[in-house]
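Asks: If you read the sequence shown in full-length UniProt numbering, its first letter stands for residue 1, the second for the next number, and so on.
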Amino acid sequence: MEVSSAAWWWWWTCRAAGACLLLVVVHVAARVADALWWRPRRLEAHFARQGVLGPKYRFLVGCVREMVALMAEAASKPMSPPDSHNALPRVLAFYHYWRKIYGPTFLIWFGPTPRLTVADPELVREILLTRADAFDRYEAHPVVRQLEGDGLVSLHGDKWALHRRVLTPAFYPDNLNRLAPHVARSVAALAERWRAMANGTAGGEVEVDVAEWYQAVAEEAITRATFGRSYDSGRVVFRMQGRLMAFASEAFRKVLVPGYRFFPTKKNRLSWGLDREIRRGLSALIGHRSDEADGDEDGDGEQTMFHPDKKIKIKRSFKQTSQSSRPFCRRGIP
1 MEVSSAAWWW
11 WWTCRAAGAC
21 LLLVVVHVAA
31 RVADALWWRP
41 RRLEAHFARQ
51 GVLGPKYRFL
61 VGCVREMVAL
71 MAEAASKPMS
81 PPDSHNALPR
91 VLAFYHYWRK
101 IYGPTFLIWF
111 GPTPRLTVAD
121 PELVREILLT
131 RADAFDRYEA
141 HPVVRQLEGD
151 GLVSLHGDKW
161 ALHRRVLTPA
171 FYPDNLNRLA
181 PHVARSVAAL
191 AERWRAMANG
201 TAGGEVEVDV
211 AEWYQAVAEE
221 AITRATFGRS
231 YDSGRVVFRM
241 QGRLMAFASE
251 AFRKVLVPGY
261 RFFPTKKNRL
271 SWGLDREIRR
281 GLSALIGHRS
291 DEADGDEDGD
301 GEQTMFHPDK
311 KIKIKRSFKQ
321 TSQSSRPFCR
331 RGIP
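(1) Identify whether G281 lies in helix, strand or coil by the three-state DSSP scheme.
(2) Quick check: what's the CA-CA separation for R178 versus M245?
(3) Indicate the three-state DSSP secondary structure (helix, strand or coil) for P114 in the structure shown.
(4) What does G204 pair with, by DSSP beta-bridge criteria?
(5) Distance check for E122 and E277, CA to CA, integer angstroms please.
(6) Starting from W109, follow its DSSP beta bridges and name the residues at the other end.
(7) Cα-Cα, which of T168, W37 and A216 is closest to V187?
(8) Kindly indicate which residue of F106, S84, V206 and E66 has the alpha-carbon position closest to the one of R49.
(9) So, helix, strand or coil for K310, using DSSP?
(10) Please name the residue or residues paired with G62 in a DSSP beta bridge.
(11) When the Cα of A191 is compared with those of N86, N175 and V208, which residue comes out closest?
(12) Just the Cα atoms here: how many angstroms apart are R39 and R65?
(13) Taking 9 angstroms as the cut-off, decide whether the C-beta atoms of L53 and Y102 are in contact.
(14) Considering Cα atoms alone, identify which of N268, A29, V24 and L60 is closest to R41.
(15) If you count every other CB in all the chains shown that lies within 10 Å of the CB of K310, and 16 or more means buried, which is it?
(16) Quick check on Y224: buried or exposed, where buried means 16 or more other Cβ atoms within 10 Å of its Cβ?
(17) In angstroms, rounded to a whole number, what distance separates the CA positions of V206 and A74?
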């Protein structure tokens with residue numbers, strides 16, 4: 001009788017555990033189905049009732065395939081005419097294509113995440129100025145966040161306000177004027193290199209790749225203005241951020257699979273290594289820049305754009321300073 005009771009008890013326990021497991025699986029499946037299919041369809045219908053249309057949502061991938069195809073097609077053809085200043089069809093080919101079909105306001109999908117594109121000046125003004133507090137920035141792709149760090153461009157709320165307060169003095173006219181000598185020095189060095197290249201040819205002329213040289217000048221000027229005497233070390237950080245940006249650009253064209261960035265794939269391992277080296281390089285540069293600032297209190301040292309403001313007494317950790325420096329390093333990389 002005891003054996004029969006024990007067997008009966010185990011049988012009901014297994015049945016109850018199986019039922020609970022089935023309920024959990026059904027619940028998770030329902031949540032996934034809602035996030036990947038029903039919610040996007042509801043949002044499509046909601047905007048359609050207001051006259052806002054867009055390319056049709058496709059399960060899981062959204063409009064990413066069409067976007068990548070349109071961008072690849074635009075990149076495979078030369079701009080017409082070659083001297084045109086209308087870069088939109090080349091830079092955002094999918095936006096240019098769909099705007100002609102759906103108008104200035106339409107809905108697109110990055111996977112199951114919707115994006116509402118707005119081109120009407122009045123709506124843009126209302127979003128950015130009149131009702132800016134009602135619109136928050138979207139969450140960036142994890143790889144993009146890794147590239148940009150937890151700086152001003154990716155923060156929200158009180159943290160954003162604090163970082164903005166700290167960085168605002170760097171863009172005062174007096175501080176921006178400190179950038180001019182660095183830009184002039186970089187452009188003069190570029191002109192000298194061009195002159196040397198031209199003198200080495202028979203006709204005294206040389207053909208140059210403007211895009212490549214423009215990147216070099218921007219990188220050099222920003223590195224000099226940001227890191228001062230640590231210019232060479234700053235260039236190394238620039239190079240590593242350029243490689244990391246290539247990974248971010250590639251990831252942006254793909255559907256985000258949660259957790260995939262933690263798998264030790266070849267690209268992920270390389271990305272992790274670059275991130276560690278960038279953090280190490282920025283930490284060293286920040287330390288050198290702090291030492292330079294302490295030694296330049298008499299005003300005889302080299303002036304940089306980001307000279308410390310003695311009036312601002314905000315304690316910031318080394319990590320916070322490093323994260324805030326990343327967007328400034330990245331701006332010199334097209």
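Here a beta-carbon is modelled for each residue, glycine too, at the ideal position from N, C-alpha and C.
Replies: On the basis of the data shown:
(1) helix
(2) 28 angstroms
(3) strand
(4) Answer is none; G204 lacks a bridge partner.
(5) 45 angstroms
(6) P114
(7) A216
(8) F106
(9) Residue placement at K310 is flagged as unreliable, the pLDDT there being 44, under the threshold of 50; a coordinate-derived value is accordingly withheld.
(10) F110
(11) V208
(12) 20 angstroms
(13) yes
(14) L60
(15) In this prediction, K310 has a pLDDT of 44, which is less than 50 and means its spatial position is unreliable; what the coordinates show is noted afterwards. Exposed: under 16 other Cβ atoms inside 10 Å.
(16) Here residue 224 turns out to be Arg, not Tyr, going by the sequence shown. Classification of R224: buried, given that the 10 Å Cβ count is 16 or more.
(17) 29 angstroms
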